[in-house]
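**Student:** Residues -22 to -1, 1 to 512 (mature numbering (1 follows the signal peptide of the UniProt record, and there is no 0)) make up the sequence shown, in order.
I have a structure here, written as structure tokens, and I will follow up with some questions on it.
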Amino acid sequence: MKASSSVFSASILLFSISLVASDSALDRFLQCLPKNSNPSNPINDAIFTPMNSSFQSIYELRANNLRSLYSATLKPVAIITALHESHAQATVVCAKRHGFQIRIRSGGHDFEGLSFVSSVPFVILDLFNLRSIEIDMASETAWVQAGATTGELYYRIAEKSKVHGFPAGVCITLGTGGHFSGGGYGPMMRKYGLSIDNVLDAQLIDANGRILDRKSMGEDVFWAIRGGGGTSFGIILSWKIKLVRVPPKVTVFIVIRTLEQGATDLAYRWQQVAHKLPKELFIRLAPRPLIGTGKGNKTVQVPFIGHFLGQTDELVQLVNSNLPGLGLQRSDCLEMSWVESVLFWTGFPNGTSIDVLLKHRVQTDKVFYKTKSDYFKEVIPKAGLETLWNLLMDIENIYVQLNPYGGRMGEITESETAFPHRAGNLFKVQYTVLWSDAQGGINATERYLEWSRRLYSAMAPYASSSPREAFLNYRDLDVGSNDSNNTDFAAAEVYGAKFFKGNFQRLVLAKTMIDPHNFFKNEQSIPPFPSYIQ
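Listed below in structure tokens is the structure:
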């Protein structure tokens, strides 16, 4: 990792220069923290500065995109790994008082690293230790702190019930703070909608350090943090969620077809029917290049990955009547509990103990990557699919997902929450190019970014337009951004339209109500109305 190490050395030098310049402010910030936190829960053990030997490891532990980590030119002046709510409150009060920006991290999965990088002096408030989960089966609800991972949540639900679950992502290391606030989707989205469609209440720390609930923050702010990204408005401490009913057994399958086995015709048909299938059935496409050993020996595999809230016989009949070319067999199907299906999606072998949901809190297989997203309202013609296939074979190091809409997603209006991508969408696509140190590391970044942009441009004729919609949680600074410390309203309108469509103006109103002087900001945050920005 020689190239990466040299970048780190340059970054540390720049950090040291900025630290000297802000040393007195940092001292005052550090002295401020214990004065503004609960003395019964001392904050000292939660404070890490570059003087601590573990500072760098804590900084890197939950920084999941190596591209963002290694390209950062400034490191945080401190990391506060909050052990108590008052530690988060104190961080807000003291950072505001002494002129430091806050970046808020729960799982560290921000695709552009905005939860752990900035170009101005900043502190990281790491919520990873605030992870309690309190489940009340009588009301079928739970309070979940922002630092709890989705895997931990699924495990705790399964501890209490075999017939309850929650609609959220299949990656088990996601922090619920950020995952839910951007929407939160998974294989039950067609049945139950997004995570935010099942949120009943929340706790939010505002720019004055107050802890607010749904009633005290008001309905406009509560609306905004469900899909508008929490970090524009404050710090999400916890969510109250409504658990959903699942059958004792669900059924999953993977069937893979190559281009030579008719994958293009099948993918074309999938676009026509996947959004019309019963709500209980979710079928994802995950096309990937298959590179042979011979020169020019390339093709594309298209896995069809299914999740059905029901049993095998009904599933086989449903799939074969709608996608007969797939030829789904009973032997392709596995019946298991809902929580076991989470392990299936994550790639663990069948029969793996669900204890891994507690053990795997941090992503370990980190790579460099760049992600983009699209929404499709019309079927991609076969020529468009062939364009996609050819680019996958050219790029080689790429991960693509096509996720079907319809069902419950088409029943919720665009304005019910801040998340606007609802009826009219056939499916959503994620494009991720990824590479390792062995494939060039940080020095290969521009080459892979160019591949990513070329693919995105090639799919433009088929994707949504005016605006070309994008998914907030697939963070992409290419769709528009601001400087770290300056939220230009005109620039925000550009990315705001793509992420939030007609909901942007109401998000601005909510921001103006809760944070009129724009303390909470990042490169793609919601601005207050311009007259309030300082």
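For every residue, glycine included, the Cβ atom is placed at its ideal position computed from N, Cα and C.
Here the structure is a predicted model, which means the values were calculated and not measured.
My understanding is that K169 touches K254, with C-beta atoms under 8 angstroms, so please give their C-beta distance in whole angstroms.
**Tutor:** As a working mapping, residue 169 is identified with position 191 in the sequence shown. As a working mapping, residue 254 is identified with position 276 in the sequence shown. Not quite, the Cβ-Cβ distance comes to about 14 angstroms (not below 8 angstroms), so this is no contact.
**Student:** How far does the beta strand (DSSP E) with K220 in it extend, from its first residue to its last?
**Tutor:** Within the sequence shown, residue 220 is the residue found at index 242, counting from 1. Looking at the DSSP string, the run of the beta strand (DSSP E) that includes K220 is I213 to K220.
**Student:** For I36, which residues in the same chain have their Cβ closer than 6 angstroms to its Cβ, ignoring the five residues on either side in sequence?
**Tutor:** Within the sequence shown, residue 36 is the residue found at index 58, counting from 1. Cβ neighbours of I36 beyond the five flanking positions: F26 and I57.
**Student:** According to DSSP, what are the bridge partners of V251?
**Tutor:** Counting from 1 along the sequence shown, the entry for residue 251 is found at position 273. In DSSP, V251 forms no bridge with anything.
**Student:** At the 8 angstroms Cβ level, is I135 part of the contact set with chain D, yes or no?
**Tutor:** The structure shown contains no chain D, having only a single protein chain.
**Student:** Is the CB-CB distance between L215 and I183 below 8 angstroms?
**Tutor:** Stepping through the sequence shown from its first residue, residue 215 is reached at position 237. Stepping through the sequence shown from its first residue, residue 183 is reached at position 205. A distance below 8 angstroms separates the beta carbons of L215 and I183.
**Student:** Tell me which same chain residues have a C-beta within less than 7 angstroms of the C-beta of A(-20), skipping the five on either side of it?
**Tutor:** Residue -20 sits at position 3 when you count from the first residue of the sequence shown. Caution applies to A(-20), whose pLDDT of 41 falls short of 50 and renders its modelled position unreliable; the value that the coordinates give is listed next. Excluding sequence neighbours, A(-20) sits near G419, I420 and N421.
**Student:** How is W178 classed by DSSP in three states: helix, strand or coil?
**Tutor:** Locating residue 178 in the sequence shown gives position 200, counting from the first residue. With the sequence shown as reference, residue 178 is identified as Leu, and Trp is not the correct amino acid for it. L178: strand per DSSP, three-state reduction.
**Student:** So, is A361 buried or exposed, given that buried needs 16 or more other C-beta atoms within 10 angstroms?
**Tutor:** Counted from its first residue, the sequence shown places residue 361 at position 383. It counts as exposed.
**Student:** What separation, rounded to the nearest whole angstrom, lies between the Cα atoms of G284 and G305?
**Tutor:** For the purposes of this step, residue 284 is identified with residue 306 of the sequence shown, where counting begins at 1. For the purposes of this step, residue 305 is identified with residue 327 of the sequence shown, where counting begins at 1. Whole-angstrom Cα-Cα distance: 13 angstroms.
**Student:** Answer with buried or exposed for K406, where buried requires no fewer than 16 other C-beta atoms within 10 angstroms of its C-beta.
**Tutor:** Sequence index remark: in the sequence shown, residue 406 carries index 428 (1-based). Classification for K406: buried.
**Student:** Is K348 near the ligand MN, judged by its Cβ being under 7 angstroms from some heavy atom?
**Tutor:** The ligand MN is not part of the structure shown, which contains no ligands of any sort.
**Student:** In chain order, what residues of the same chain lie with their CB nearer than 7 angstroms to the CB of E364, ignoring the 5 residues before and after it?
**Tutor:** Your numbering for residue 364 matches position 386 in the sequence shown. If we look at E364 and ignore the five residues flanking it on each side, its Cβ neighbours are T242.
**Student:** For F467, collect the residues of the same chain with a Cβ closer than 6 angstroms to its Cβ; drop the 5 residues on either side in sequence, then sort them by chain order.
**Tutor:** The count along the sequence shown starts at 1 and reaches residue 467 at position 489. Within the same chain, F467 has close Cβ partners P505 and P508.
**Student:** Can you tell which of L39, A73 and H76 has the C-alpha that lies nearest to the C-alpha of R83?
**Tutor:** Sequence index remark: in the sequence shown, residue 83 carries index 105 (1-based). For R83, the nearest C-alpha among the options comes from L39.
**Student:** Could I get the ranges of all uninterrupted alpha helix (DSSP H) runs contained in the region 130 to 192, with 4 residues as the minimum, in chain order?
**Tutor:** 154 to 159 and 167 to 170
**Student:** Look up A441 in the DSSP assignment and say whether it is helix, strand or coil.
**Tutor:** What you label residue 441 is simply residue 463 of the sequence shown in a count that begins at 1. Coil.
**Student:** May I have a chain-ordered list of the alpha helix (DSSP H) segments no shorter than 4 residues that lie completely inside the region 351 to 426?
**Tutor:** 360 to 373
**Student:** Can you grab the Cα-Cα spacing for the pair D352 / L244, in whole Å?
**Tutor:** As a first step, residue 352 must be located in the sequence shown, where it is residue number 374. As a first step, residue 244 must be located in the sequence shown, where it is residue number 266. Roughly 20 angstroms between the two C-alpha positions.
**Student:** Is the Cβ-Cβ distance between L263 and V280 less than 8 angstroms?
**Tutor:** Your numbering for residue 263 matches position 285 in the sequence shown. Your numbering for residue 280 matches position 302 in the sequence shown. Yes, they are a contact pair.
**Student:** Report the three-state DSSP secondary structure of F7 (helix, strand or coil).
**Tutor:** Locating residue 7 in the sequence shown gives position 29, where the first residue counts as 1. It is helical.
**Student:** Using C-beta distances below 8 angstroms, list every residue in its chain close to L485, excluding the 5 sequence neighbours before and after it, in chain order.
**Tutor:** The count along the sequence shown starts at 1 and reaches residue 485 at position 507. Result list for L485: A202, G206, S210, A396, G474, F478 and I504, in chain order.
**Student:** Can you name, in chain order, every residue of its own chain whose Cβ lies under 6 angstroms from the Cβ of T128, other than the five neighbours on each side?
**Tutor:** Here the question's residue 128 lines up with position 150 in the sequence shown. Cβ neighbours of T128 beyond the five flanking positions: A146, G147, I150 and L152.
**Student:** From what residue to what residue does the beta strand (DSSP E) around T119 run?
**Tutor:** Start at 1 with the first residue of the sequence shown, and residue 119 comes out as number 141. Boundaries of the beta strand (DSSP E) around T119: T119 to Q123.
**Student:** In this structure, does DSSP put K479 in helix, strand or coil?
**Tutor:** For the purposes of this step, residue 479 is taken as residue 501 along the sequence shown, with counting starting at 1. K479: helix per DSSP, three-state reduction.
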